[in-house]
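Every letter in the sequence shown is one number past the one before it in the working numbering, and letter 9, counting from 1, is 670. Each remark here refers to the structure printed beneath this line.
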Amino acid sequence: MIVVVAYVIAVGLAPDGAWWTFTAFFLLILLASRLSSLGWFFAARRAYVAIPFALAALALPFTVPGPVAFTLPVLGWTASAPGLVRFFSILFRMWMAVQAAILLTASTRFPDLLWALGALRVPMTLVGIIGFMYRYLFVLADEALRMLRARSARSASAGLGRRPSVGWQGRIAGSMIGSLFLRAIERSERVYAAMRARGYDGRPRPQSLFRMRGVDWTALGTSGVLLGVVLLPALLV
662 MIVVVAYVIA
672 VGLAPDGAWW
682 TFTAFFLLIL
692 LASRLSSLGW
702 FFAARRAYVA
712 IPFALAALAL
722 PFTVPGPVAF
732 TLPVLGWTAS
742 APGLVRFFSI
752 LFRMWMAVQA
762 AILLTASTRF
772 PDLLWALGAL
782 RVPMTLVGII
792 GFMYRYLFVL
802 ADEALRMLRA
812 RSARSASAGL
822 GRRPSVGWQG
832 RIAGSMIGSL
842 FLRAIERSER
852 VYAAMRARGY
862 DGRPRPQSLF
872 RMRGVDWTAL
882 GTSGVLLGVV
892 LLPALLV
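Structure follows, in structure tokens:
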């Protein structure tokens with residue numbers, strides 16, 4: 662957890678346009694992915710979820726002043742070279758930060774992640790919310806699957822040979838979402854009452870406590886040195 666947070670901070674501190682630094686950070690992610698026995702490009706293939714968030718910075722090439730890189734022929738908008746550098750720098754930062762988060766969650770058991778958050782003094786209320794959200798996503802997914810199966814059983818085409826209209830599907834989907842929301846609230850109240858009856862006081866109880874060993878200190882120190890070696894030359898230029 663500490664290494665991932667340090668990596669995200671280091672990537673965020675890298676200057677715009679430091680492409681060699683970004684390349685080195687990407688090589689560190691590849692190395693970590695390989696050492697975790699997940700494959701060289703395990704995280705890189707799954708980090709596409711960062712692309713939609715990059716749309717928030719899509720206006721930077723057209724708003725940052727500087728030498729003109731190109732002009733859109735239809736709209737007449739001009740993109741500046743510094744704006745393009747800043748946009749792609751933000752895109753690479755987000756892409757690598759998401760890869761680090763993917764590697765962390767894929768190589769660490771979820772109870773250990775919760776314990777690490779608590780050990781780093783994250784508010785226990787937030788830790789508990791994250792834990793319950795993760796566990797009950799599967800419960801909600803199973804409930805939604807049963808509702809979809811029931812809808813399919815009750816809305817057969819009866820040999821008409823045509824699909825239901827888009828409006829009908831929209832109304833049914835809206836009703837299902839509302840019903841799923843109500844069921845989630847009711848189930849959460851029952852679960853919370855049962856937990857309170859069993860002595861729950863808002864603090865998650867880890868099954869085992871983690872203790873730093875020599876190999877852990879070595880990995881932490883080596884990671885810090887590597888991040889410093891990659892980042893410092895870019896900051897000193």
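Each residue gets a CB set at the ideal place from its N, CA and C atoms; glycine is no exception.
Practice problem: Using beta-carbon positions only, say whether Leu716 and Phe748 come within less than 8 Å of one another. | Solution: Taking the first residue of the sequence shown as 1, we reach residue 716 at position 55. Taking the first residue of the sequence shown as 1, we reach residue 748 at position 87. No, these two residues do not count as a Cβ contact at 8 Å.
Quiz prompt | Residues sharing a beta bridge with Val729, DSSP | solution = Residue numbering aside, residue 729 sits at position 68 when the sequence shown is read from its first letter. According to DSSP, Val729 bridges with Ser741.
Self-check item: As assigned by DSSP and simplified to three states, the class of Trp701
Solution: Counting from one through the sequence shown, the residue named residue 701 turns up at place 40. Correct three-state label for Trp701: coil.
Self-check item: Inter-residue Cα distance where the pair is Gln760 and Arg815
Solution: Working through the sequence shown from its first residue, we reach residue 760 at position 99. Working through the sequence shown from its first residue, we reach residue 815 at position 154. Distance between the alpha carbons of Gln760 and Arg815 is about 43 Å.
Quiz item: Would you say Ala679 and Ser694 are within 8 Å of each other, going by their C-beta atoms?
Solution: Numbered from its first residue, the sequence shown carries residue 679 at position 18. Numbered from its first residue, the sequence shown carries residue 694 at position 33. Not closer than 8 Å, so no.
Quiz item: What separation, rounded to the nearest whole angstrom, lies between the Cα atoms of Gly889 and Arg754?
Solution: Along the sequence shown, one-based indexing puts residue 889 at 228. Along the sequence shown, one-based indexing puts residue 754 at 93. Roughly 17 Å separates the two Cα atoms.
Quiz item: Is it the case that the Cβ atoms of Gly885 and Ala667 are separated by a distance below 8 Å?
Solution: For this step, residue 885 is matched to residue 224 along the sequence shown. For this step, residue 667 is matched to residue 6 along the sequence shown. Cβ distance < 8 Å, so Gly885 and Ala667 count as in contact.
Quiz item: Between Arg807 and the ligand NAD, is the CB less than 7 Å from at least one heavy atom?
Solution: In terms of ligand content, the structure shown is empty, and the ligand NAD therefore cannot be addressed.
Self-check item: Straight-line Cα distance separating Val729 from Leu798
Solution: Here residue 798 refers to the residue found at position 137 when the sequence shown is read from its first residue. Here residue 729 refers to the residue found at position 68 when the sequence shown is read from its first residue. About 48 Å.
Exercise. Return helix, strand or coil for Arg747, following the three-state DSSP convention.
Key: What you label residue 747 is simply residue 86 of the sequence shown in a count that begins at 1. Helix at Arg747.
Quiz item: Between the region 676-691 and the region 756-771, are three or more C-beta pairs nearer than 8 Å?
Solution: yes
Self-check item: Asp877 versus Thr766 - alpha carbon distance
Solution: As a first step, residue 877 is located in the sequence shown; it is residue number 216 there, counting from the start. As a first step, residue 766 is located in the sequence shown; it is residue number 105 there, counting from the start. The straight-line gap from Cα to Cα measures roughly 18 Å.
Practice problem: With Gly875 as the anchor, note down where its alpha helix (DSSP H) starts and where it stops. | Solution: Within the sequence shown, the letter at position 214 stands for residue 875. Gly875 -> alpha helix (DSSP H) spans 875-897.
Quiz item: Helix, strand or coil for Ala819 per DSSP?
Solution: Working through the sequence shown from its first residue, we reach residue 819 at position 158. Note that Ala819 has pLDDT 47, beneath the 50 cutoff, so the model's placement of it is unreliable and the number below is only indicative. Reduced to three states, the DSSP call for Ala819 is coil.
Quiz item: Mapping DSSP to helix, strand and coil, what is Asp862?
Solution: Indexing the sequence shown from 1 puts residue 862 at position 201. Three-state result, Asp862: coil.
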